[in-house]
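Q: Here it is, the structure, as structure tokens.
In my numbering, the protein residues as written are 85 to 418.
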């Protein structure tokens with residue numbers, strides 16, 4: 085059984101409702117069909133009904149058993165508009181602006197469905213940028229209580245790999261925080277550890293990555309990571325974390341014995357914290373393309389309710405996997 089299939093099985097017991105708002109893209113329609121057939125989540129497609137049904141028909145996809153909501157003909161649209169206006173009026177938004185946004189921007193409409201409890205989460209990003217995907221989530225849902233910073237991760241499932249959790253890793257942050265401070269890296273690591281424990285059901289071993297391993301290089305970039313490790317260990321002593329260390333020292337036991345013999349994380353890391361967005365984003369794409377890994381994300385963490393992103397190069401199966409993760413997040417309020 086593939087790792088993502090285990091997540092599907094877990095969420096099938098308590099079905100959550102997930103919004104897919106990018107209904108002009110056939111990958112969204114294909115994913116909705118697959119999810120419904122597999123029976124692990126309820127789906128809401130948002131958009132103009134005639135256009136959605138026409139796209140599905142042209143591609144021989146049956147969707148009559150999937151809920152479709154057209155914002156212009158939905159009985160609760162006025163409620164969504166009014167609530168959105170109340171949320172944003174301090175930002176000098178007018179009622180007319182609120183109406184135009186909810187009626188015409190399906191990502192905002194979907195987030196309002198989640199906000200009002202009419203859905204449990206949303207997945208988009210197949211045709212929208214990360215910024216456009218996450219902006220409505222941050223404006224409408226905001227961060228979860230006791231969360232200092234929202235961030236993102238990729239769940240990487242690497243075939244024929246004995247490292248990590250049988251080839252499964254959490255990579256963070258790969259999609260949101262451009263150049264985190266030491267304090268922010270520490271918080272990203274904490275949230276990523278919680279995420280790993282939820283998804284993989286194993287204890288996280290957290291490696292703070294760098295081009296240096298325990299002081300082999302001296303520069304401000306290395307200092308940022310080593311300081312993050314100190315902050316993390318002070319704030320969250322119950323987690324097994326270490327660094328700074330290079331990627332090979334983090335995951336390969338033979339390398340760890342040479343480069344970091346006294347580390348309890350080196351050689352067994354399964355949560356990899358990258359020093360900045362450049363490193364994280366490049367690493368996940370290399371892993372996906374060269375190691376033929378399944379890459380699910382970027383999945384957000386730290387929001388009050390789950391709204392998750394996709395790579396614009398995603399497949400329908402990638403959307404299916406992120407919906408499964410989103411449903412599990414919704415079930416566990418993470």
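All C-beta atoms in this analysis are idealised placements derived from N, C-alpha and C, irrespective of residue type, glycine included.
1. For residue 107, which residues in the same chain have their Cβ closer than 6 Å to its Cβ, ignoring the five residues on either side in sequence?
2. Is it true that the CB of residue 388 sits closer than 9 Å to the CB of residue 226?
3. Counting only the same chain and skipping the five closest in sequence on each side, list residues whose C-beta sits under 6 Å from that of residue 168.
4. Could you please give the first and the last residue of the uninterrupted beta strand (DSSP E) stretch that includes residue 57?
5. Is the CB-CB distance between residue 331 and residue 356 below 9 Å?
6. Per DSSP, residue 126 is paired with what?
7. Tell me whether residue 260 is buried or exposed, calling it buried when 16 or more other Cβ atoms sit within 10 Å of its Cβ.
8. Taking the CB atoms as reference points, tell me whether residue 88 and residue 408 lie closer together than 9 Å.
9. How long is the line joining the alpha carbons of residue 350 and residue 313, rounded to whole angstroms?
10. Identify every run of the alpha helix (DSSP H) within the stretch 301 to 359, keeping only runs that are complete inside it and at least 4 residues long; order them along the chain.
11. Assuming residue 260 is part of the beta strand (DSSP E), what are its boundary residues?
12. To which residues of the same chain is residue 282 closer than 8 Å at the C-beta, ignoring the five residues directly before and after it?
13. Whose C-alpha, out of 270, 124 and 346, is nearest the C-alpha of residue 96?
14. Can you list, in chain order, the residues of its chain with a C-beta nearer than 6 Å to that of residue 231? Leave out the 5 residues immediately preceding and following it.
15. State the Cα-Cα distance for the pair residue 240 and residue 153, rounded to the nearest angstrom.
16. Under 9 Å between the Cβ atoms of residue 103 and residue 203?
17. With DSSP as the reference, identify every bridge partner of residue 235, one or two as the case may be.
18. Pick helix, strand or coil for residue 205, following the three-state DSSP scheme.
19. In the structure shown, what three-state DSSP assignment does residue 227 receive?
20. Should residue 380 and residue 238 be called a contact, given that it needs their Cβ atoms to be closer than 9 Å?
21. Under 8 Å by Cβ, that's how I've got residue 116 and residue 147 pegged, so tell me the actual separation to the nearest angstrom.
22. Closest to residue 271 by C-alpha separation, out of 160, 235, 404 and 214, would be which residue?
23. Since residue 384 and residue 393 are thought to touch, with beta carbons under 8 Å apart, how far apart are those beta carbons, to the nearest angstrom?
24. For residue 210, name the three-state secondary structure that DSSP assigns.
25. Given residue 301, which residues of its chain have a CB within under 7 Å of its CB, disregarding the five upstream and five downstream residues?
26. Along the chain, where does the alpha helix (DSSP H) that runs through residue 59 open and close?
27. Once you ignore the five residues that flank residue 276 on each side, which residues in its own chain have a CB closer than 6 Å to its CB?
28. Please classify residue 241: does DSSP put it in a helix, a strand, or coil?
29. Could you tell me the boundaries of the alpha helix (DSSP H) in which residue 135 lies?
30. Could you tell me the alpha carbon to alpha carbon distance between residue 353 and residue 290, rounded to whole angstroms?
31. Which term fits residue 229, buried or exposed, when burial requires 16 or more other beta carbons within 10 angstroms of its beta carbon?
32. Could you name the residues of the same chain whose beta carbon sits closer than 6 Å to that of residue 105, not counting the 5 residues immediately before and after it, in chain order?
33. Following the continuous beta strand (DSSP E) through residue 289, name the residue where it begins and the one where it ends.
A: In short:
1. Position 23 of the chain shown, counted from the start, is the residue given in the question as residue 107. Leaving aside the five residues that flank residue 107 on each side, the residues in its chain whose CB is nearer than 6 Å to its CB run, in chain order, 129, 131 and 136.
2. Taking the chain shown and counting its residues from 1, one reaches residue 226 at position 142. Taking the chain shown and counting its residues from 1, one reaches residue 388 at position 304. The answer is yes: Cβ separation under 9 Å.
3. Residue mapping note: residue 168 aligns to position 84 of the chain shown, counting from 1. Residues of the same chain with a CB within less than 6 Å of the CB of residue 168, apart from the 5 flanking positions on each side, are 182, 186 and 196 in chain order.
4. Residue 57 is absent from the model: the chain starts at 85 and stops at 418.
5. Stepping through the chain shown from its first residue, residue 331 is reached at position 247. Stepping through the chain shown from its first residue, residue 356 is reached at position 272. Between residue 331 and residue 356, the CB-CB gap stays under 9 Å.
6. Locating residue 126 in the chain shown gives position 42, counting from the first residue. Answer by DSSP bridge pairing, in chain order: 101.
7. Taking the first residue of the chain shown as 1, we reach residue 260 at position 176. Buried: at least 16 other Cβ atoms inside 10 Å.
8. In the chain shown, the residue the question calls residue 88 occupies position 4. In the chain shown, the residue the question calls residue 408 occupies position 324. Result yes, Cβ atoms of residue 88 and residue 408 sit closer than 9 Å.
9. Translated into positions along the chain shown, residue 350 becomes position 266. Translated into positions along the chain shown, residue 313 becomes position 229. Per the coordinates, the alpha-carbon of residue 350 lies some 14 Å from the alpha-carbon of residue 313.
10. Unbroken alpha helix (DSSP H) stretches of 4 residues or longer found wholly inside the stretch 301 to 359: 304 to 319, 331 to 335 and 337 to 343, given in chain order.
11. What you label residue 260 is simply residue 176 of the chain shown in a count that begins at 1. Neither: residue 260 is in no beta strand (DSSP E) and is coded neither H nor E.
12. The residue labelled residue 282 in the question sits at position 198 within the chain shown. Setting aside the 5 residues that flank it on each side, residue 282 is surrounded in the same chain by 412, 413, 416 and 418, each with a C-beta closer than 8 Å to its C-beta; the list follows chain order.
13. Taking the first residue of the chain shown as position 1, residue 96 is located at position 12. Nearest of 270, 124 and 346 to residue 96, Cα basis: 124.
14. As a working mapping, residue 231 is identified with position 147 in the chain shown. 386, listed in sequence order.
15. Taking the first residue of the chain shown as position 1, residue 240 is located at position 156. Taking the first residue of the chain shown as position 1, residue 153 is located at position 69. Between the alpha carbons of residue 240 and residue 153 lies a distance of about 33 Å.
16. Counting from 1 along the chain shown, the entry for residue 103 is found at position 19. Counting from 1 along the chain shown, the entry for residue 203 is found at position 119. Taking 9 Å as the Cβ cut-off, residue 103 and residue 203 qualify as a contacting pair.
17. In the chain shown, counting from the first residue as 1, residue 235 sits at position 151. Bridge partners of residue 235: 385.
18. For the purposes of this step, residue 205 is identified with residue 121 of the chain shown, where counting begins at 1. Residue 205: strand per DSSP, three-state reduction.
19. In the chain shown, the residue the question calls residue 227 occupies position 143. Secondary structure of residue 227 (DSSP, three-state): strand.
20. Taking the first residue of the chain shown as position 1, residue 380 is located at position 296. Taking the first residue of the chain shown as position 1, residue 238 is located at position 154. Contact flag set, yes.
21. Here the question's residue 116 lines up with position 32 in the chain shown. Here the question's residue 147 lines up with position 63 in the chain shown. Contact between residue 116 and residue 147 holds: their C-beta atoms lie close to 7 Å from each other, under 8 Å.
22. As a working note, residue 271 is residue 187 in the chain shown. Residue nearest to residue 271 within the set 160, 235, 404 and 214 is 235 (criterion: CA-CA distance).
23. Residue mapping note: residue 384 aligns to position 300 of the chain shown, counting from 1. Residue mapping note: residue 393 aligns to position 309 of the chain shown, counting from 1. Here residue 384 really is in contact with residue 393; their C-beta atoms are around 7 Å apart, less than 8 Å.
24. Here residue 210 is taken as the residue at index 126 of the chain shown, counted from 1. DSSP places residue 210 in the coil class of the three-state scheme, outside both helix and strand.
25. Locating residue 301 in the chain shown gives position 217, where the first residue counts as 1. Correct list, in chain order: 295.
26. No answer is possible for residue 59: it lies beyond the span of the chain, which begins at 85 and ends at 418.
27. Taking the first residue of the chain shown as 1, we reach residue 276 at position 192. Closer than 6 Å at Cβ, skipping near neighbours: 237, 254, 256 and 355.
28. The residue labelled residue 241 in the question sits at position 157 within the chain shown. Reduced to three states, the DSSP call for residue 241 is strand.
29. For the purposes of this step, residue 135 is taken as residue 51 along the chain shown, with counting starting at 1. Counting along the chain, the alpha helix (DSSP H) containing residue 135 begins and ends at 133 to 142.
30. Within the chain shown, the letter at position 269 stands for residue 353. Within the chain shown, the letter at position 206 stands for residue 290. Distance between the alpha carbons of residue 353 and residue 290 is about 6 Å.
31. Numbered from its first residue, the chain shown carries residue 229 at position 145. Under the 10 Å beta carbon count, residue 229 is surrounded by fewer than 16 other beta carbons and is classified as exposed.
32. Locating residue 105 in the chain shown gives position 21, where the first residue counts as 1. Result list for residue 105: 130, 190, 191, 194 and 208, in chain order.
33. Position 205 of the chain shown, counting from 1, holds the residue named residue 289. Residue 289 -> beta strand (DSSP E) spans 289 to 293.
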